[in-house]
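Right, one structure below, let's go through it.
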């Protein structure tokens, strides 16, 4: 470990002496390595410090570490990391071109070619900008992240055996995460996987206790992919999940479902899925009476049921 006089000064600047209990829960920086001696600049607002050469810091008594090519500390409250930036804690890893740590808010800002890996779920995010708010006693009890600039998210699912299933690929103009299982996305939202593709203006997704989600705005649409594909649309699409997998879909308002064999319209359409295949479709409504048409028939009723075990039409009931 290399520590010159500049490193000793930096420790003094970044580790205030007040031993309050609340402060012990926050990040108290300690220097782990500085290859080159730093420079100290006194200003009316406080002491600033600059260092370069494989700078490595950590938060005392935690698993949090940060490293970069160079560093600038402003009054010990805002620390900027420049070049080949890495942030690590017990929950995630984050790489970027630049990073800024705000000690008062316990906020980490990553900018430029950001790559984040959630160590608990296996999900990843790439994009130009991400703000990360870690859990700190007395400040916040749940991790939050905000990403802008159309980030790309690989959202990992769990298969029936409890292992890692095929992930969703989510892209949007902006995304907010709360904890490891809640997500909100806005602006040209797309969700893709080998068995389906969805589009909307906004997305809400809860893969934890709620196990549900909503697609709304911009004429939301979900398209099943495969030889027996189908498309469902409406003013709003509500999703029910099982092990982060889509098991039930409810289209509300101007609902429509189209497949190779039939075309169904109604106020509300509900679809049951099993094993990634459409098993049954129910339709009802007052404003728009359910109507199902195909090359062979046309049927209108107060409510309709289409049985499609294995995604093959077997029976239509009205």
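In the working numbering, the protein residues as written are 243 to 560. Beta carbons are placed, not taken as given, at the ideal position from N, Cα and C, and that holds for glycine. The structure presented is a predicted model; accordingly, all values stated were derived computationally and were not measured.
How big is the Cα-Cα spacing for residue i and residue j?
{"i": "residue 344", "j": "residue 528", "result": "55 angstroms"}
{"i": "residue 326", "j": "residue 474", "result": "45 angstroms"}
{"i": "residue 380", "j": "residue 346", "result": "12 angstroms"}
{"i": "residue 399", "j": "residue 486", "result": "5 angstroms"}
{"i": "residue 419", "j": "residue 388", "result": "6 angstroms"}
{"i": "residue 415", "j": "residue 444", "result": "10 angstroms"}
{"i": "residue 467", "j": "residue 338", "result": "35 angstroms"}
{"i": "residue 506", "j": "residue 518", "result": "20 angstroms"}
{"i": "residue 340", "j": "residue 291", "result": "17 angstroms"}
{"i": "residue 275", "j": "residue 332", "result": "21 angstroms"}
{"i": "residue 354", "j": "residue 391", "result": "10 angstroms"}
{"i": "residue 465", "j": "residue 285", "result": "60 angstroms"}
{"i": "residue 226", "j": "residue 549", "result": "Limits of the chain in this structure are 243 at one end and 560 at the other, which puts residue 226 out of reach."}
{"i": "residue 397", "j": "residue 334", "result": "14 angstroms"}
{"i": "residue 216", "j": "residue 458", "result": "Because residue 216 is not part of the residues shown, which for the chain are 243 to 560, the question remains open."}
{"i": "residue 494", "j": "residue 451", "result": "23 angstroms"}
{"i": "residue 470", "j": "residue 520", "result": "9 angstroms"}
{"i": "residue 504", "j": "residue 405", "result": "36 angstroms"}
{"i": "residue 385", "j": "residue 417", "result": "14 angstroms"}
{"i": "residue 546", "j": "residue 508", "result": "9 angstroms"}
{"i": "residue 522", "j": "residue 552", "result": "10 angstroms"}
{"i": "residue 431", "j": "residue 460", "result": "9 angstroms"}
{"i": "residue 367", "j": "residue 359", "result": "7 angstroms"}
{"i": "residue 315", "j": "residue 449", "result": "39 angstroms"}
{"i": "residue 438", "j": "residue 289", "result": "55 angstroms"}
{"i": "residue 510", "j": "residue 365", "result": "33 angstroms"}
{"i": "residue 557", "j": "residue 462", "result": "28 angstroms"}
{"i": "residue 409", "j": "residue 540", "result": "39 angstroms"}
{"i": "residue 357", "j": "residue 413", "result": "14 angstroms"}
{"i": "residue 371", "j": "residue 283", "result": "29 angstroms"}
{"i": "residue 478", "j": "residue 498", "result": "11 angstroms"}
Less than 8 angstroms separating the beta-carbons of residue i and residue j?
{"i": "residue 531", "j": "residue 544", "result": "yes"}
{"i": "residue 456", "j": "residue 480", "result": "yes"}
{"i": "residue 536", "j": "residue 542", "result": "no"}
{"i": "residue 272", "j": "residue 313", "result": "no"}
{"i": "residue 342", "j": "residue 320", "result": "yes"}
{"i": "residue 348", "j": "residue 329", "result": "no"}
{"i": "residue 524", "j": "residue 491", "result": "no"}
{"i": "residue 323", "j": "residue 308", "result": "yes"}
{"i": "residue 435", "j": "residue 411", "result": "yes"}
{"i": "residue 351", "j": "residue 383", "result": "no"}
{"i": "residue 287", "j": "residue 317", "result": "yes"}
From the DSSP output, in three-state form, read off residue i for me.
{"i": "residue 370", "result": "strand"}
{"i": "residue 407", "result": "coil"}
{"i": "residue 459", "result": "coil"}
{"i": "residue 546", "result": "strand"}
{"i": "residue 466", "result": "strand"}
{"i": "residue 280", "result": "coil"}
{"i": "residue 552", "result": "helix"}
{"i": "residue 451", "result": "coil"}
{"i": "residue 397", "result": "strand"}
{"i": "residue 504", "result": "coil"}
{"i": "residue 496", "result": "strand"}
{"i": "residue 269", "result": "coil"}
{"i": "residue 306", "result": "coil"}
{"i": "residue 480", "result": "strand"}
{"i": "residue 421", "result": "coil"}
{"i": "residue 559", "result": "strand"}
{"i": "residue 428", "result": "strand"}
{"i": "residue 389", "result": "strand"}
Which residue wins for smallest C-alpha separation from residue i, given the options the options?
{"i": "residue 407", "options": "442, 508, 488", "result": "488"}
{"i": "residue 293", "options": "303, 452, 458, 310", "result": "310"}
{"i": "residue 393", "options": "305, 282, 522, 433", "result": "433"}
{"i": "residue 446", "options": "526, 425, 438, 435", "result": "425"}
{"i": "residue 269", "options": "288, 305, 278", "result": "305"}
{"i": "residue 453", "options": "483, 372, 371", "result": "483"}
{"i": "residue 427", "options": "521, 395, 493, 437", "result": "395"}
{"i": "residue 502", "options": "478, 538, 512, 510", "result": "538"}
{"i": "residue 296", "options": "303, 302, 280", "result": "280"}
{"i": "residue 476", "options": "513, 448, 369", "result": "513"}
{"i": "residue 361", "options": "478, 557, 421", "result": "421"}
Can you list, in chain order, the stretches of the beta strand (DSSP E) that have 3 or more residues and sit fully within the region 311–386?
320–330, 334–344, 349–360, 366–375
Hey, which unbroken runs of the beta strand (DSSP E) at 3 residues or more fall wholly within the region 510–543?
Taking only runs of at least 3 residues, the beta strand (DSSP E) segments lying wholly in the region 510–543 are 519–526, 533–535, 540–542.
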